[in-house]
Each structure stands twice: as C-alpha cells, then as structure tokens.
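Structure record follows, encoded as structure tokens.
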Amino acid sequence: MLKRFGTNFAVFLFLSDLVLTTLLLHLARLVRPHLPWGLNVGARGELLHFSPALYLIVPTIWALTFLFSSVYDPERTLRWVDDVQTVAVAIGIATLVFAGLAYFFSRDLSRFLFVTFFVFDEVGLIAWRLFLRVLIRLRRARWPHPVRQVLVVGAGKVGLDVARQIEVYRWAGLELVGFLDDDPDKRNRRFLGKPVLGGLERVAEVVKQYHIDEIVIALPLRAHKRMVDLILTVQRLPVSVRVVPDLFDLAFFRATVEEFGGMPLIGLRDPAIDEFQRLVKRLFDLVLASILLVLAAPVMAAIAIAIKLDSPGPVIFKQQRVGEGGKLFTFYKFRSMYVDAEERLQEVIHYTDDGKILFKRRDDPRVTRVGRFIRATSLDE
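All the letters of the sequence shown, read from the start, carry residue numbers 67 to 447 under this note's numbering.
Written out as structure tokens, the structure is:
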C-alpha cells in the first residue's frame with residue numbers, strides 16, 4: 067500500500083545515504099588528527115596510508131549491504147523505530163565487511179580512523195533519517211500534497227485496527243475515507259471519526275464518489291463469499307484491493323505470501339530469515355569469526371597450554387548435536403572435564419524432591435581446575 071509512495075523517496079534516500087557516507091568518511095579523515103585519543107597521528111604519519119580508492123570502495127560496500135538488508139523497504143521505513151534499527155544493523159554489517167577486507171588487503175589503514183568513521187556514520191545516517199521524517203511531517207502539515215484515499219471494508223475489530231494504523235501514518239500519504247459494513251447497527255455511525263458509508267453493495271458507488279485508490283478488506287472468515295463478490299465487483303475499477311485475513315487469534319506474526327501453482331499461500335510459521343538473508347548471515351558469520359579467531363589466538367593458545375598442563379587428554383572436546391531441521395553437526399569446545407567424565411556420570415546424579423533427575427552440581431568432581439575457570443568465564447566455548 068505504500069510502495070507507490072515510497073519508490074521515489076527510497077531512491078532519494080539511497081543516493082543521499084551514499085553521498086553522506088562518503089562525506090562522513092572524508093570528515094573522519096580530517097577530524098582524526100585532532101582527536102585526543104590514540105597515537106600521535108601527525109608524528110607517525112598514520113594518515114599517509116589512507117587510499118583515495120576508499121572513496122569508491124566504502125560507498126560500494128555500503129550500497130550492497132543496504133540493499134541486501136532491505137533498508138529501503140517501505141514496510142521497514144514506516145515506523146521510525148524499525149527504520150533506525152534496520153539502518154544501525156546494516157551499518158554494523160557493512161563495517162564488519164569493510165574491516166574484514168581491510169584486514170586482509172590493507173592492514174596499514176588507521177584503526178582509529180576506522181572507528182571514528184563508524185561512529186560518524188551511525189550518528190549521521192540515523193540523524194539524517196530522523197530529520198527527513200520531521201521535515202516530511204512539517205511539509206505535509208503546511209502544504210497540500212497528493213494522498214491515497216483508503217476505504218476499509220469491515221468495521222469490526224480487524225477493520226478498526228487497520229484504520230488506526232492508517233490514521234497513525236497519515237504522514238506517509240494515506241487518507242482514511244471511511245468504512246463499509248453490512249451490519250445494520252453500524253450504518254450511519256462513525257468510528258475513529260470516520261463514517262460508515264453504507265453496506266458492501268455500495269462499494270462501486272463509493273469508489274467513484276470518493277475517488278478511492280485503495281480498498282482494504284477486513285472481514286471475518288465467515289464472510290468469505292461476500293468478500294469474493296466484492297472483489298469481483300471492483301476488479302474493473304481503477305483501485306487496488308488488499309485483504310487483511312482475520313487470523314490474529316492464530317498468532318498471525320511474520321506472515322509471508324508465496325505462489326504455488328498459481329495459488330496464493332500464506333505462511334504463518336516460516337523461518338525468521340529467508341534463503342538470501344541466510345546467505346548474508348553466513349558470510350557475516352564467516353568474516354566475523356575469522357577476525358575474532360585471529361584476535362583471540364593468543365588467549366586460545368594460553369587456554370590450550372593450561373589444559374594440557376592441568377590434566378591428560380585432548381585439548382578440544384567434540385560432540386554430535388542436533389541443529390536446525392534435525393541435522394547433526396559437530397560441536398567443538400575446550401575440554402573442561404577429565405577424559406573419564408562419562409564413566410563417572412553416576413557420581414553426580416541426584417534427585418530433586420519431586421523425583422526429577424539433576425546432573426549439574428557446583429562441586430562436580432569430573433571438572434578440572436582449569437575447567438572450572440573457563441566454565442565460569444565462558445571461555446570454554
């Protein structure tokens with residue numbers, strides 16, 4: 067319902083994000099020598115390693131990451147909280163990708179310049195978005211602007227919920243005209259300040275009279291036939307029709323719509339991320355894990371030596387576990403128990419008052435001295 071409104075704005079926002087990111091990178095380069103922390107930049111000549119190619123590389127990474135993260139999806143930019151969260155996460159991902167590339171290809175890049183740019187970009191892009199929101203609301207409040215007239219079919223609970231959302235986001239270019247409902251008790255009444263304009267049989271007349279652009283059908287499941295008849299009535303009219311299924315009692319969250327053999331299917335319990343997002347997450351995990359492994363290598367080496375000196379046996383403990391979709395994977399962690407821990411399991415089994423078996427206990431004799439420390443500090447995993 068917001069795509070037509072959001073397309074031009076999304077293009078403008080995309081281009082402005084790239085320009086602003088480039089300017090903030092340059093600003094970070096200029097400001098960095100005057101900041102009170104880090105090395106003496108002027109004396110060490112740290113900024114001599116800054117390559118002008120970064121003015122092209124950084125916007126490219128940011129553009130791809132922002133597009134892959136659906137930063138410009140109208141549904142994610144509708145509420146300011148969602149917008150800010152999406153942008154903040156996307157900047158974080160882009161920064162990690164940039165850090166990974168810089169680590170492998172340009173280790174001389176100033177780390178403090180990098181951190182300064184990250185802070186500037188987070189604050190700058192979020193502030194830019196909030197400023198645009200205020201500007202748009204002020205503009206729409208003071209000057210005439212094109213709006214999309216919306217008619218809600220059904221003045222029940224679902225219909226009123228839809229109407230409230232339309233009223234909340236009037237600044238996005240939506241104007242609620244009123245309702246249609248077959249209930250005689252609702253005729254000529256007003257809900258949320260908007261009138262019930264008649265029964266469903268008046269839909270064609272109301273569309274023409276009020277120049278309706280969008281119809282949102284919010285009827286209960288028992289009115290399925292009436293909904294089909296209404297759709298057939300308006301299919302020749304220049305109006306968009308959308309349906310809000312009356313399935314909120316079935317935890318209608320994160321719903322998706324897909325096509326199967328020409329039939330629309332509504333998914334109620336789909337995975338939290340799709341395949342493309344899964345790929346992006348996998349790449350993100352690999353880049354981040356590679357960086358963290360390098361940074362944590364000295365600590366891991368010290369833990370391995372301590373385990374070897376403390377008790378005989380391998381440094382690494384591995385075990386088969388069940389992951390997503392029932393797939394088995396091998397889990398690795400630093401060994402925190404003696405090698406005969408499985409055979410000594412009976413030593414730690416005890417029962418609660420209601421007869422339940424408990425295996426964990428603070429004074430587990432199977433845990434080594436080093437194991438107690440790395441478990442307490444979560445360094446074993």
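For each residue, glycine too, the CB sits at the ideal point set by N, CA and C. Being a predicted model, the structure only gives us computed values, none of them experimental.
Sort the options by Cα distance to residue i and report the nearest one.
i	options	result
G166	R199, A370, A355 and A270	A355
Q386	P380, G379, F395 and P378	F395
L445	K393, I382 and Y404	I382
L120	E280, L162, V97 and H92	H92
Y138	P118, I357, I440 and D83	D83
L226	W194, L352, P261 and L198	P261
L89	L79, N74, P125 and F78	P125
W146	V405, S117, F184 and A193	A193
I278	D251, L240, V200 and P250	L240
V305	V216, K393, R435 and A238	V216
R199	L285, A129 and L79	L79
F397	K384, G259 and D251	K384
Y276	L303, P380, P250 and I369	L303
V97	V185, V150 and V388	V185
R205	A238, R177 and V189	A238
A370	V388, S402 and K393	S402
S135	L122, P99 and D149	D149
A362	K374, E447, D430 and E408	E447
F271	A407, L246, G259 and D429	As written in the sequence, residue 271 is Glu, which differs from the Phe given in the question. Nearest option by C-alpha distance: L246.
Y169	N74, V353, K374 and P380	V353
L242	G259, K252 and R255	G259
P99	R177, E408, L81 and L122	R177
Q151	R255, R203, E408 and V189	V189
A81	K252, E408 and L133	What sits at residue 81 in the sequence shown is Leu, not Ala. That would be L133, whose Cα lies nearest to the Cα of L81.
V85	L122, S117 and K252	L122
Thinking C-beta only, is residue j closer than 8 angstroms to residue i?
i	j	result
R410	R438	no
V282	V218	yes
L191	V153	yes
A460	F257	For residue 460 there is no data in the structure shown, the boundaries of the chain being 67 and 447.
L162	A94	no
Q228	V310	Here residue 228 is Val; the residue named in the question, Gln, does not match the sequence. Yes, the Cβ-Cβ distance between V228 and V310 is below 8 angstroms.
T182	A156	no
R230	E280	no
V307	V273	no
P378	V360	no
A129	V224	no
For residue i, which residues does DSSP report across the bridge?
i	result
Q386	T396
I281	L217 and V307
M403	V433
K252	Beta-bridge pairing links K252 to no other residue.
V262	F245
F164	Paired residue(s): none; F164 is not in a bridge.
F257	K260
L240	R214
Pull up the CB-CB distance for residue i and residue j, whole angstroms please, since I reckon it's below 8 angstroms.
i	j	result
T87	D187	6 angstroms
V440	F400	What sits at residue 440 in the sequence shown is Ile, not Val. Rounded, the Cβ-Cβ distance is 6 angstroms, consistent with contact.
G244	L266	No, G244 and L266 are not in contact; Cβ-Cβ is about 13 angstroms, not under 8 angstroms.
A160	I127	5 angstroms
V269	L298	With 8 angstroms as the limit, V269 and L298 do not qualify as a contact, their Cβ atoms being about 11 angstroms apart.
D376	T434	5 angstroms
V436	A367	Actually they do not touch by this definition, with Cβ atoms about 14 angstroms apart.
Nearer than 7 angstroms: is that true of the beta carbon of residue i relative to any heavy atom of the ligand COA?
i	result
F400	You won't find the ligand COA in this model; it holds no ligand whatsoever.
Cβ contact (3+ pairs, closer than 8 angstroms) linking the segment 287 to 294 and the segment 224 to 244: no
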